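Asks: This is the structure I have questions about; it appears just below.
Residue numbers (the numbering used here): 8 to 231.
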(Lines of atoms letter the chains of each structure in order from A; the text may use other names.)
(Lines give C-alpha, C1' and ligand atoms only; values in the text may rest on other atoms or scores of the structure.)
Protein backbone atom coordinates (compact mmCIF):
# COMPACT_ATOMS: atom_id res chain seq x y z
CA UNK A 8 0.00 0.00 0.00
CA UNK A 9 1.47 3.43 -0.92
CA UNK A 10 2.66 5.49 2.02
CA UNK A 11 0.23 8.34 1.25
CA UNK A 12 -2.79 6.03 1.36
CA UNK A 13 -1.49 4.28 4.48
CA UNK A 14 -0.94 7.53 6.35
CA UNK A 15 -4.32 8.85 5.20
CA UNK A 16 -6.09 5.74 6.53
CA UNK A 17 -4.08 5.91 9.72
CA UNK A 18 -4.83 9.61 10.24
CA UNK A 19 -8.54 9.02 9.62
CA UNK A 20 -8.57 6.20 12.13
CA UNK A 21 -6.82 8.31 14.74
CA UNK A 22 -9.26 11.16 14.16
CA UNK A 23 -12.22 8.84 14.67
CA UNK A 24 -10.69 7.23 17.75
CA UNK A 25 -9.88 10.60 19.24
CA UNK A 26 -13.47 11.82 19.03
CA UNK A 27 -15.29 11.74 22.34
CA UNK A 28 -18.74 11.54 20.78
CA UNK A 29 -20.95 12.33 17.83
CA UNK A 30 -23.32 15.26 17.45
CA UNK A 31 -26.52 13.61 16.23
CA UNK A 32 -27.91 16.74 14.60
CA UNK A 33 -29.89 14.77 12.03
CA UNK A 34 -31.90 13.04 14.77
CA UNK A 35 -33.04 16.20 16.54
CA UNK A 36 -36.78 16.84 16.43
CA UNK A 37 -38.52 20.06 17.37
CA UNK A 38 -41.42 19.50 19.81
CA UNK A 39 -44.41 21.48 18.62
CA UNK A 40 -47.29 19.90 20.57
CA UNK A 41 -48.15 20.90 24.14
CA UNK A 42 -50.86 19.89 26.60
CA UNK A 43 -52.46 21.40 29.66
CA UNK A 44 -51.90 19.61 32.98
CA UNK A 45 -55.14 18.10 34.28
CA UNK A 46 -56.67 19.78 37.31
CA UNK A 47 -56.57 16.37 38.99
CA UNK A 48 -52.77 16.06 38.48
CA UNK A 49 -50.40 16.99 41.27
CA UNK A 50 -48.33 19.96 40.24
CA UNK A 51 -44.66 19.76 41.28
CA UNK A 52 -43.43 22.57 43.53
CA UNK A 53 -41.65 25.37 41.72
CA UNK A 54 -37.89 24.85 41.71
CA UNK A 55 -38.05 21.04 41.93
CA UNK A 56 -35.06 19.46 40.19
CA UNK A 57 -35.42 17.12 37.22
CA UNK A 58 -33.81 14.33 39.26
CA UNK A 59 -36.55 14.65 41.88
CA UNK A 60 -39.35 14.92 39.34
CA UNK A 61 -38.12 12.05 37.15
CA UNK A 62 -36.24 9.57 39.41
CA UNK A 63 -36.72 6.76 36.90
CA UNK A 64 -34.57 8.60 34.36
CA UNK A 65 -31.80 8.99 36.91
CA UNK A 66 -31.92 5.26 37.60
CA UNK A 67 -32.06 4.17 33.98
CA UNK A 68 -29.39 6.52 32.61
CA UNK A 69 -26.53 4.47 31.13
CA UNK A 70 -23.04 5.05 32.54
CA UNK A 71 -20.89 7.54 30.65
CA UNK A 72 -18.46 5.95 28.24
CA UNK A 73 -14.83 6.88 28.58
CA UNK A 74 -13.38 8.43 25.40
CA UNK A 75 -11.41 5.91 23.32
CA UNK A 76 -7.66 6.07 23.63
CA UNK A 77 -5.44 7.12 20.75
CA UNK A 78 -3.54 4.09 19.41
CA UNK A 79 -0.05 3.61 20.78
CA UNK A 80 2.85 3.99 18.36
CA UNK A 81 3.54 0.26 18.68
CA UNK A 82 0.13 -0.45 17.15
CA UNK A 83 0.92 1.63 14.07
CA UNK A 84 4.66 1.52 13.44
CA UNK A 85 7.59 -0.86 13.45
CA UNK A 86 11.13 0.41 14.04
CA UNK A 87 14.57 -0.43 15.38
CA UNK A 88 15.67 1.50 18.46
CA UNK A 89 19.40 2.28 18.15
CA UNK A 90 21.70 1.16 20.94
CA UNK A 91 21.74 3.66 23.80
CA UNK A 92 18.49 5.36 22.80
CA UNK A 93 15.44 5.37 25.07
CA UNK A 94 11.80 6.04 24.26
CA UNK A 95 9.94 8.74 26.20
CA UNK A 96 6.29 9.73 26.30
CA UNK A 97 5.63 13.04 24.50
CA UNK A 98 4.36 15.77 26.78
CA UNK A 99 3.26 19.40 26.59
CA UNK A 100 3.18 20.89 23.10
CA UNK A 101 4.70 17.70 21.66
CA UNK A 102 1.64 15.59 22.50
CA UNK A 103 -0.39 14.73 19.43
CA UNK A 104 2.49 15.74 17.14
CA UNK A 105 5.29 13.35 18.05
CA UNK A 106 4.36 9.72 17.51
CA UNK A 107 7.78 8.43 18.50
CA UNK A 108 10.03 10.40 20.84
CA UNK A 109 13.58 9.20 21.59
CA UNK A 110 16.38 10.48 23.80
CA UNK A 111 20.10 9.73 23.74
CA UNK A 112 23.32 10.95 25.31
CA UNK A 113 24.79 10.81 28.84
CA UNK A 114 22.02 13.08 30.16
CA UNK A 115 19.49 12.35 27.38
CA UNK A 116 20.19 15.80 25.98
CA UNK A 117 19.85 14.54 22.40
CA UNK A 118 16.39 14.02 20.93
CA UNK A 119 15.04 12.32 17.82
CA UNK A 120 11.36 12.05 17.00
CA UNK A 121 8.83 11.07 14.34
CA UNK A 122 6.01 13.51 13.57
CA UNK A 123 3.01 13.48 11.25
CA UNK A 124 1.19 16.69 10.30
CA UNK A 125 -2.14 16.70 8.47
CA UNK A 126 -2.76 18.83 5.42
CA UNK A 127 0.84 18.92 4.27
CA UNK A 128 2.00 20.86 7.33
CA UNK A 129 2.39 24.07 5.32
CA UNK A 130 4.88 22.54 2.91
CA UNK A 131 8.38 21.12 3.25
CA UNK A 132 10.25 24.30 2.35
CA UNK A 133 8.35 26.36 4.94
CA UNK A 134 8.98 23.74 7.62
CA UNK A 135 12.66 23.45 6.84
CA UNK A 136 13.01 27.22 7.05
CA UNK A 137 11.24 27.19 10.43
CA UNK A 138 13.80 24.63 11.57
CA UNK A 139 16.57 26.91 10.35
CA UNK A 140 15.04 29.78 12.32
CA UNK A 141 15.18 27.56 15.41
CA UNK A 142 18.91 27.27 14.80
CA UNK A 143 19.36 31.02 14.30
CA UNK A 144 19.98 30.60 10.55
CA UNK A 145 18.52 32.47 7.56
CA UNK A 146 15.98 30.68 5.34
CA UNK A 147 17.02 28.66 2.33
CA UNK A 148 16.46 30.20 -1.06
CA UNK A 149 14.20 28.14 -3.36
CA UNK A 150 17.31 27.09 -5.26
CA UNK A 151 19.08 25.93 -2.08
CA UNK A 152 16.03 23.98 -0.99
CA UNK A 153 15.69 22.31 -4.40
CA UNK A 154 19.32 21.19 -4.20
CA UNK A 155 18.90 19.35 -0.87
CA UNK A 156 20.00 15.69 -0.91
CA UNK A 157 17.47 12.89 -0.64
CA UNK A 158 17.15 9.84 1.58
CA UNK A 159 14.47 7.13 1.91
CA UNK A 160 11.66 7.45 4.45
CA UNK A 161 8.81 4.91 4.56
CA UNK A 162 9.88 3.70 1.10
CA UNK A 163 9.56 7.22 -0.30
CA UNK A 164 12.13 9.74 -1.50
CA UNK A 165 12.51 12.36 1.23
CA UNK A 166 14.55 15.56 1.66
CA UNK A 167 17.47 15.48 4.07
CA UNK A 168 18.81 18.50 5.97
CA UNK A 169 21.72 19.05 8.33
CA UNK A 170 22.76 22.35 9.85
CA UNK A 171 24.60 23.76 12.86
CA UNK A 172 23.72 26.73 15.03
CA UNK A 173 22.31 27.88 18.35
CA UNK A 174 19.08 25.98 18.99
CA UNK A 175 15.98 27.56 20.56
CA UNK A 176 13.52 24.85 21.58
CA UNK A 177 9.74 25.33 21.93
CA UNK A 178 8.91 27.43 24.96
CA UNK A 179 12.54 28.23 25.72
CA UNK A 180 13.78 31.81 25.97
CA UNK A 181 17.49 31.11 25.61
CA UNK A 182 19.24 29.29 22.79
CA UNK A 183 21.47 26.26 23.40
CA UNK A 184 24.88 26.96 21.90
CA UNK A 185 26.71 24.85 19.30
CA UNK A 186 23.91 22.46 18.35
CA UNK A 187 23.30 20.36 15.25
CA UNK A 188 19.97 19.46 13.66
CA UNK A 189 19.26 16.63 11.22
CA UNK A 190 15.94 16.13 9.47
CA UNK A 191 14.38 13.95 6.82
CA UNK A 192 10.90 14.79 5.55
CA UNK A 193 8.34 13.80 2.93
CA UNK A 194 5.04 15.48 2.11
CA UNK A 195 2.12 15.64 -0.27
CA UNK A 196 -1.17 17.57 -0.18
CA UNK A 197 -2.61 15.30 2.54
CA UNK A 198 0.15 15.02 5.12
CA UNK A 199 3.75 15.64 6.09
CA UNK A 200 5.88 13.09 7.88
CA UNK A 201 9.37 13.71 9.20
CA UNK A 202 12.11 12.47 11.49
CA UNK A 203 14.06 15.19 13.27
CA UNK A 204 17.16 14.97 15.46
CA UNK A 205 18.66 17.78 17.52
CA UNK A 206 21.28 18.00 20.22
CA UNK A 207 24.81 19.17 21.01
CA UNK A 208 26.86 19.10 17.82
CA UNK A 209 29.39 16.50 18.96
CA UNK A 210 26.65 14.21 20.31
CA UNK A 211 24.56 14.39 17.13
CA UNK A 212 27.65 13.73 15.03
CA UNK A 213 28.25 10.54 17.05
CA UNK A 214 24.65 9.47 16.40
CA UNK A 215 24.29 10.27 12.71
CA UNK A 216 24.59 6.58 11.76
CA UNK A 217 21.96 5.77 14.40
CA UNK A 218 19.69 8.44 12.87
CA UNK A 219 19.95 6.72 9.49
CA UNK A 220 19.36 3.32 11.09
CA UNK A 221 16.25 4.54 12.89
CA UNK A 222 14.71 6.42 9.94
CA UNK A 223 15.36 3.55 7.50
CA UNK A 224 13.82 1.01 9.87
CA UNK A 225 10.48 2.82 10.17
CA UNK A 226 7.56 0.92 8.64
CA UNK A 227 3.79 1.16 8.87
CA UNK A 228 2.04 -1.93 10.17
CA UNK A 229 -1.08 -0.94 8.21
CA UNK A 230 0.87 -1.56 4.99
CA UNK A 231 0.39 -5.29 5.50
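The beta-carbon is built from N, C-alpha and C at its ideal position, and this holds for glycine as well. From a predicted model like this one, the values you see are computed outputs, not experimental measurements.
Quick one: grab the DSSP three-state call for residue 146.
Replies: For this step, residue 146 is matched to residue 139 along the chain shown. Correct three-state label for residue 146: coil.
Asks: Quick one: measure Cβ to Cβ for residue 118 and residue 131, integer angstroms, because I've assumed they're closer than 8 Å.
Replies: Reading the chain shown from its first residue, position 111 is the one you call residue 118. Reading the chain shown from its first residue, position 124 is the one you call residue 131. With a Cβ gap of about 21 Å, residue 118 and residue 131 do not count as contacting.
Asks: Below 8 Å on the Cβ atoms is my guess for residue 105 versus residue 122; work out the distance and round it to an integer in Å.
Replies: Taking the first residue of the chain shown as position 1, residue 105 is located at position 98. Taking the first residue of the chain shown as position 1, residue 122 is located at position 115. 5 Å between Cβ atoms; contact.
Asks: Which parts of the region 134-190 are runs of the beta strand (DSSP E), unbroken and 3 residues or longer, counting only runs that do not cross its ends?
Replies: 157-160, 163-174
Asks: Would residue 224 and residue 202 qualify as a contact pair, given that the criterion is a beta-carbon distance under 7 Å?
Replies: Along the chain shown, read from residue 1 onward, the residue named residue 224 stands at position 217. Along the chain shown, read from residue 1 onward, the residue named residue 202 stands at position 195. By the CB criterion at 7 Å, residue 224 and residue 202 fall outside the cutoff.
Asks: Where do the N-terminal and C-terminal ends of the alpha helix (DSSP H) with residue 82 fall, by residue?
Replies: Your numbering for residue 82 matches position 75 in the chain shown. Where residue 82 is concerned, the enclosing alpha helix (DSSP H) stretches over 80-83.
Asks: Would you grab the beta carbon distance between residue 182 and residue 170 for me? Rounded to a whole angstrom, and I think it's under 8 Å.
Replies: Position 175 of the chain shown, counting from 1, holds the residue named residue 182. Position 163 of the chain shown, counting from 1, holds the residue named residue 170. Contact doesn't hold; Cβ gap of about 14 Å is too wide.
Asks: Would you mind reading off the limits of the alpha helix (DSSP H) that contains residue 210?
Replies: The sequence position of residue 210 within the chain shown is 203, counting from 1. That run of the alpha helix (DSSP H) goes 208-213.
Asks: I think residue 228 touches residue 85, with their Cβ atoms under 8 Å apart; what is that distance to the nearest whole Å?
Replies: Translated into positions along the chain shown, residue 228 becomes position 221. Translated into positions along the chain shown, residue 85 becomes position 78. Indeed they touch by this definition, with Cβ atoms about 6 Å apart.
Asks: Are residue 127 and residue 194 touching if we call contact CB-CB under 7 Å?
Replies: Here residue 127 corresponds to residue number 120 of the chain shown, with the count starting at 1. Here residue 194 corresponds to residue number 187 of the chain shown, with the count starting at 1. Going by C-beta atoms, residue 127 is nearer than 7 Å to residue 194.
Asks: Starting from the C-beta of residue 143, find all residues in its chain whose C-beta is less than 6 Å away, skip the five residues before and the five after it, and write them out in chain order.
Replies: For the purposes of this step, residue 143 is identified with residue 136 of the chain shown, where counting begins at 1. Excluding positions up to five away in sequence, the list reads 172, 173.
Asks: From the DSSP output, in three-state form, read off residue 219 for me.
Replies: On the chain shown, position 212 is the one that residue 219 refers to. Helix at residue 219.
Asks: Note down the Cα distance separating residue 90 from residue 198, rounded to an integer number of angstroms.
Replies: One-based indexing of the chain shown puts residue 90 at position 83. One-based indexing of the chain shown puts residue 198 at position 191. Straight across, the Cα-Cα distance linking residue 90 with residue 198 is about 30 Å.
Asks: Please classify residue 214: is it buried, with 16 or more other beta-carbons within 10 angstroms of its beta-carbon, or exposed?
Replies: As a working mapping, residue 214 is identified with position 207 in the chain shown. By the 10 Å Cβ count, residue 214 comes out buried.
Asks: Would you decide whether residue 211 is buried or exposed? Buried here means 16 or more other CB atoms lie within 10 Å of its CB.
Replies: In the chain shown, counting from the first residue as 1, residue 211 sits at position 204. The residue is buried, with at least 16 neighbouring Cβ atoms inside 10 Å.
Asks: Compute the distance between the beta-carbons of residue 151 and residue 157, then report whether it is under 7 Å.
Replies: Position 144 of the chain shown, counted from the first residue, corresponds to residue 151. Position 150 of the chain shown, counted from the first residue, corresponds to residue 157. Not in contact: residue 151 and residue 157 (Cβ atoms no closer than 7 Å).
Asks: Would a C-beta distance cut-off of 7 Å place residue 208 and residue 185 closer than the cut-off?
Replies: For this step, residue 208 is matched to residue 201 along the chain shown. For this step, residue 185 is matched to residue 178 along the chain shown. Yes; because the gap between Cβ atoms is below 7 Å, this pair is in contact.
Asks: Per DSSP, what kind of secondary structure is residue 203 in: helix, strand or coil?
Replies: In the chain shown, residue 203 corresponds to position 196, counting from 1. In the three-state scheme derived from DSSP, where H, G and I count as helix and E and B as strand, residue 203 is classed as strand.
Asks: So what does DSSP say about residue 117, is it helix, strand or coil?
Replies: Taking the first residue of the chain shown as position 1, residue 117 is located at position 110. Correct three-state label for residue 117: strand.
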